[in-house]
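Written below as structure tokens is the structure these notes are about.
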Amino acid sequence: MQYKFEPLNTLATIFGSINDPRDNRGKRHRLLDIFILTVFGLLWGHTDFTNMVVDLKYHESYFSKLLGLENGIPSHDTFSAAFSIINPAEFFECFIQWIVELSCPHGKHVAIDGKAVRAACEKVYRKKVPMLINALMVETGICIGQLRVEAKTNEIKGIPDLLDWLDLSGAVVTTDAIGCQKDIVKIILGKGADFVLPVKDNQINLHKNIKLEMDTVIAQQQIELSAAKKYAEKGIKIAMPLTDMLGIHQEFDKGHSRIERRTYYVWNDASCVFKDEWPEVAAVGMTVRERLIIHRDQDGEIMDEKPTVETETYIISRQMKAEEFACFSRHHWAIENSLHWVLDDALREDRCTARKGHATENIGLMRKIVYNLLKLDSNVQNMSVRAKQIYYRNNPDAVCRLLFEVVPGARK
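Number 124 in this note's numbering belongs to position 68 of the sequence shown; there are no gaps in the numbering.
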């Protein structure tokens, strides 16, 4: 008996609304069935259609009852061909429709970063490695957007296109340094969001101006603190305007044979930034990361080495405290440590060779859907990704609930 579901905003309903561009001649499988079977296969841990189809055929009787398959499990070529010709813009629009009901970015931190799909590069023809620009809602770990570009440098053009799709009202957007562009800043503010953007060599003059300003202010603030301490010894309290305006926050990490100290500075004054070029900037920031890797000699004694020091400057759209700035700066890399790592380690995205037609972005978006299901399903929280895959393999009805019902634990 086929699974019955109401016309709600479920994943299966949204899949069913996608236009099928395939030629009706010779078409033996519904597009909706292909989508549903792909979700099963990816949640079971398969990373290619060939092995996925083998496993699906072992459960053919289950899927025949669930979906009413008249021609059995589709071949791996059928899966590949379908994802290569689906309109990626239409597919992404359906993804946005689905995810907007499950998550609200208002007041949240949205991190945007690009990720290469290296195996999809046609090396024989020396083509560039395709990139998928992803948007992650940091607090929940939910991926809320994806867009394909053809190379790392094209992120500058791709980020504005991705921002146009997203509802960012009240959010704070972070990117890596390549996103520090005037047009991107205007789009972020136009969407009702704020930004915390790193400045590097792509904006060399801006970087130098901010660093000079921060170094000067920090030095003057130290002089102010020293003078205040001397007056305090005499029982006199003096005004400390620099200390009041300069936010400072420090964090220490120790472990894995390293010691790291991170110091975050926020100067809630943007007079060092040319307002004609960057009128939206309200504050500037700087992070100083000092890292000491502990090495031992043959006798086990710690070697005397100097720490490495990295300095990074930022432009910020509103005034904030140093602790808040530290969170945005540090947590931006959740998109690498959470989303991108899972996509490569568990879902093998970097090894995916699919590149024909729209296959790279469409299959990439399917992985984002499965990634979100792994995050949203309250029934598998506190499990490793591998444990979740084993759970779904042994509980196919749990996958049905994700497809045909409202996702458990969504929109918290």
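Glycine included, every Cβ here is placed at the ideal spot set by N, Cα and C.
Quick one: what's got a C-beta closer than 6 angstroms to Met108's C-beta in the same chain, skipping five residues either side?
Gly97, His102
The beta strand (DSSP E) enclosing Asn190, as first and last residue numbers
187 to 193
Count the C-beta pairs between the stretch 381 to 401 and the stretch 117 to 127 that are closer than 8 angstroms, then say yes if the count reaches three, no if not.
no
Report, in whole angstroms, the separation of the C-beta atoms of Arg314 and Gln306, which I expect to be a contact under 8 angstroms.
Not a contact, Cβ separation roughly 17 angstroms.
If distances are taken between C-alpha atoms only, which option among Lys264, Ile189, Arg374 comes closest to Ile200?
Ile189
If you reduce the DSSP assignment to three classes, tell me which class Met376 lands in.
coil
Is it the case that the Cβ atoms of Leu192 and Ala390 are separated by a distance below 9 angstroms?
yes
Select from Thr66, Tyr114, Met376 the residue whose C-alpha is nearest the C-alpha of Asp250.
Met376
Using 10 angstroms around the beta-carbon of Tyr287, count the other beta-carbons present and answer buried if the total reaches 16, otherwise exposed.
exposed
Identify every run of the alpha helix (DSSP H) within the stretch 132 to 162, keeping only runs that are complete inside it and at least 4 residues long; order them along the chain.
132 to 141, 144 to 156
Quick one: what's got a C-beta closer than 6 angstroms to Lys293's C-beta in the same chain, skipping five residues either side?
none
If we count the other Cβ atoms within 10 Å of its Cβ and call it buried at 16 or more, is Ile350 buried or exposed?
exposed
Apart from the five residues on each side of it in sequence, which residues of its chain come closer than 6 angstroms, Cβ to Cβ, to Met296?
Glu280, Ala284
How would you label Arg204, buried or exposed, when you count the other beta carbons within 10 angstroms and need 16 or more for buried?
buried
Which residues in the same chain have their Cβ closer than 6 angstroms to the Cβ of Asn65, if we skip the five residues on either side of it in sequence?
Glu157
Considering just the uninterrupted stretch of the beta strand (DSSP E) at Ile506, what are its terminal residues?
As displayed, the chain neither begins before 57 nor continues past 468, which places residue 506 out of reach and without an answer.
Under a three-way DSSP split, which group does Trp221 fall into?
helix
Using a Cβ-Cβ cut-off of 8 angstroms (strictly less than) and excluding sequence neighbours within five positions of Ile274, which residues of its own chain qualify?
Leu302, Tyr321
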